[in-house]
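If you read the sequence shown in our numbering, its first letter stands for residue -15, the second for the next number, and so on. Just below is one structure, and these are the notes that go with it.
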Amino acid sequence: MRIPLSEEVVKLKPSGIRKFFDIVHEMKDAISLGVGEPDFDTPWHIRDEGIYSLEKGKTIYTSNSGLIQLRQEIAKYLERRYNVSYDPATEMLITVGGSEGIDVGLRAMLNPGDEVLIPQPSYVSYEPCTIIAGGKPVIIELKAENEFRLTEKELRDAITDKTKVLILPFPNNPTGAIMEESDLVNIAKVCVEKDIFVMSDEIYAELTYKGKHVSIASLPGMKERTILINGFSKAYAMTGWRLGYACGPKEVISQMTKIHQYCIMCAPTTSQYAAIEAVKNGDDDIAMMRNAYDQRRRFLLNAFKEMGLECFEPFGAFYVFPCIKEFGMTSEEFATRFLEEEKVAAVPGTAFGDCGEGFLRISYAYSLEHLKTAMERLERFVTKLRAEKENG
């Protein structure tokens, strides 16, 4: 019998994030610091709207693009928060999480062999989604000395005559790095000059702790060449509701909607009704959660400082990316020993690209009590490793 599988799909590596958490669930008294999921419940007023929609029997398909009321509210939100305006009728698609937006966006834009610039370390889906869409991933290795920001020089050095799309993953998972307006102006200049399209993944936009997030789509000449990806999972603690959205030029959105139409039909109806309430009345919820995350962020940075563990200060998302190069082991080895010996799960930096070697991703989407216990175990672990190194 012939092999039934796609060669390209078989070649794809499984996500490096989940490996340790399949183990940790079976381990007594283990602590997980790895899953990028808010520990807050979805705010009650948002849940209540989802429940009410079910009670009223609103359980049928919506339009392929999503509820027009939701698209209208998202348009108001984006203009209010990020100074970028979209036509909810033609320039917006409601997706099953931001991840679907990335997938269908790349499939709608790429021809075989088109190159996609992917700054790494970054979210695990960009590279496989590019390959599945027939494109060629071109990795730009971000550097700790630049606070893991994308520089103009790094971008220019990676561009060829086949470059079509730049993925802009900021605020960044796993590093917590952000791009400020001055950084984005330089990137936008190159994109306009070289006629490159941008897929800007802004799922962590509301979780910015230095100034206010700036969308590259708001800069001159960029709205017409940017697909803005966002959603409800991180800002509103709605991961399980599986709802996101993509905004961009209508000629791209119409093709994305066509793929979505055939593969998905529409995003979950109940989730869409809940999201209307979130985007209309959720600003206070965002502020409360952001303040809590910021407190945890500062706690972790101080803990690293006290134990002598090098870590640049991240200003976005809910991750820190400490450097573990001093211990002379790979990120995978460090994470494996940390889990086995101290029962704490964190993600090796290499799960987010080869240039993540020597780093560890730690999520602070957990309670302070949970983090304090984990940091006590980490301090004990690095003290032991330093003693081992000293004793040869």
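All C-beta atoms in this analysis are idealised placements derived from N, C-alpha and C, irrespective of residue type, glycine included.
Rounded to whole angstroms, what's the CA-CA distance from residue i to residue j? Just pull it up for me.
| i | j | result |
| --- | --- | --- |
| aspartate 167 | leucine 134 | 8 Å |
| valine 80 | cysteine 250 | 8 Å |
| lysine 40 | isoleucine 78 | 22 Å |
| alanine 319 | valine 304 | 15 Å |
| cysteine 175 | methionine 76 | 22 Å |
| histidine 29 | alanine 349 | 21 Å |
| glutamine 53 | threonine 46 | 11 Å |
| phenylalanine 181 | glycine 205 | 11 Å |
| methionine -15 | aspartate 269 | 56 Å |
| threonine 314 | valine 169 | 36 Å |
| glutamate 10 | alanine 330 | 15 Å |
| glutamate 317 | glycine 0 | 13 Å |
| serine 217 | methionine 272 | 16 Å |
| asparagine 375 | glutamate 363 | 18 Å |
| methionine 359 | aspartate 13 | 15 Å |
| lysine 42 | valine 263 | 19 Å |
| threonine 241 | tyrosine 70 | 16 Å |
| serine 351 | leucine 285 | 15 Å |
| alanine 380 | glycine 20 | The chain is shown from -15 up to 376; residue 380 falls before or after that span and cannot be answered. |
| histidine 244 | aspartate 141 | 34 Å |
| aspartate 145 | threonine 74 | 31 Å |
| glutamate 294 | alanine 371 | 18 Å |
| valine 122 | glutamate 129 | 21 Å |
| arginine 55 | arginine 226 | 16 Å |
| serine -10 | phenylalanine 24 | 39 Å |
| glycine 292 | valine 236 | 49 Å |
Would you mind giving the Cβ-Cβ distance between residue i and residue j, rounded to the nearest angstrom? I have them listed as a contact below 8 Å.
| i | j | result |
| --- | --- | --- |
| leucine 139 | isoleucine 124 | 7 Å |
| proline 72 | alanine 59 | 4 Å |
| proline 105 | cysteine 339 | 6 Å |
| leucine 203 | glycine 232 | Incorrect: roughly 15 Å between the Cβ atoms, too far for contact. |
| threonine 210 | alanine 201 | 4 Å |
| glutamine 256 | leucine 51 | 5 Å |
| alanine 301 | valine 108 | The pair is not a contact, with the Cβ atoms about 14 Å apart (cut-off 8 Å). |
| glutamate 84 | isoleucine 248 | 7 Å |
| glutamate -8 | isoleucine 260 | Not really, about 39 Å apart at Cβ, beyond 8 Å. |
If you count every other CB in all the chains shown that lies within 10 Å of the CB of residue i, and 16 or more means buried, which is it?
| i | result |
| --- | --- |
| lysine 373 | exposed |
| asparagine 67 | exposed |
| aspartate 87 | buried |
| lysine 377 | Because the chain is modelled from -15 through 376, residue 377 falls outside the range shown and cannot be assessed. |
| isoleucine 171 | buried |
| proline -12 | exposed |
| isoleucine 102 | buried |
| threonine 26 | buried |
| valine 149 | buried |
| lysine 207 | buried |
| valine -6 | exposed |
Can the beta-carbon of residue i be found less than 8 Å from the beta-carbon of residue j?
| i | j | result |
| --- | --- | --- |
| aspartate 185 | isoleucine 151 | yes |
| phenylalanine 322 | phenylalanine 365 | yes |
| isoleucine 308 | glycine 337 | no |
| isoleucine 15 | lysine 234 | no |
| serine 407 | glycine 18 | Since the first residue of the chain shown is -15 and the last is 376, residue 407 is not available in this structure. |
| glycine 82 | glycine 266 | no |
| leucine 191 | arginine 280 | no |
| glycine 89 | methionine 222 | no |
| threonine 147 | glutamate 99 | yes |
| arginine 31 | alanine 287 | no |
| threonine 254 | serine 37 | yes |
| leucine 369 | phenylalanine 296 | no |
| glycine 118 | proline 153 | no |
| proline 306 | leucine 355 | no |
| lysine 178 | isoleucine 143 | yes |
Given 7 Å as the limit, tell me if residue i has its C-beta closer than that to any heavy atom belonging to the ligand ADP.
| i | result |
| --- | --- |
| threonine 223 | In the structure on display, the ligand ADP does not appear, and there are no ligands present to speak of. |
Which residue from the options puts its Cα closest to that of residue i?
| i | options | result |
| --- | --- | --- |
| proline 22 | Thr241, Glu57, Tyr188 and Lys178 | Tyr188 |
| lysine 388 | Pro155, Ala221 and Thr241 | No answer is possible for residue 388: the residues shown for the chain start at -15 and end at 376. |
| glutamate 165 | Lys146, Asp141, Val198 and Glu177 | Val198 |
| leucine 94 | Ile143, Lys120 and Leu369 | Lys120 |
| lysine 196 | Ala142, Arg64, Ala259 and Gly312 | Arg64 |
| lysine -3 | Cys113, Leu38 and Ser49 | Cys113 |
| glycine 224 | Glu(-9), Gly34, Lys12 and Glu(-8) | Gly34 |
| aspartate 278 | Ala371, Val122, Pro306 and Phe299 | Phe299 |
| asparagine 214 | Lys207, Ala230, Arg226 and Arg361 | Ala230 |
| glutamate 131 | Ile44, Gly160, Val149 and Ala142 | Gly160 |
| threonine 367 | Glu290, Pro332, Glu324 and Gly333 | Glu290 |
| proline 252 | Val(-6), Ile44 and Ser(-10) | Ile44 |
| lysine 127 | Arg361, Thr357 and Gly333 | Gly333 |
| glutamate 324 | Arg361, Leu293, Gly292 and Thr357 | Arg361 |
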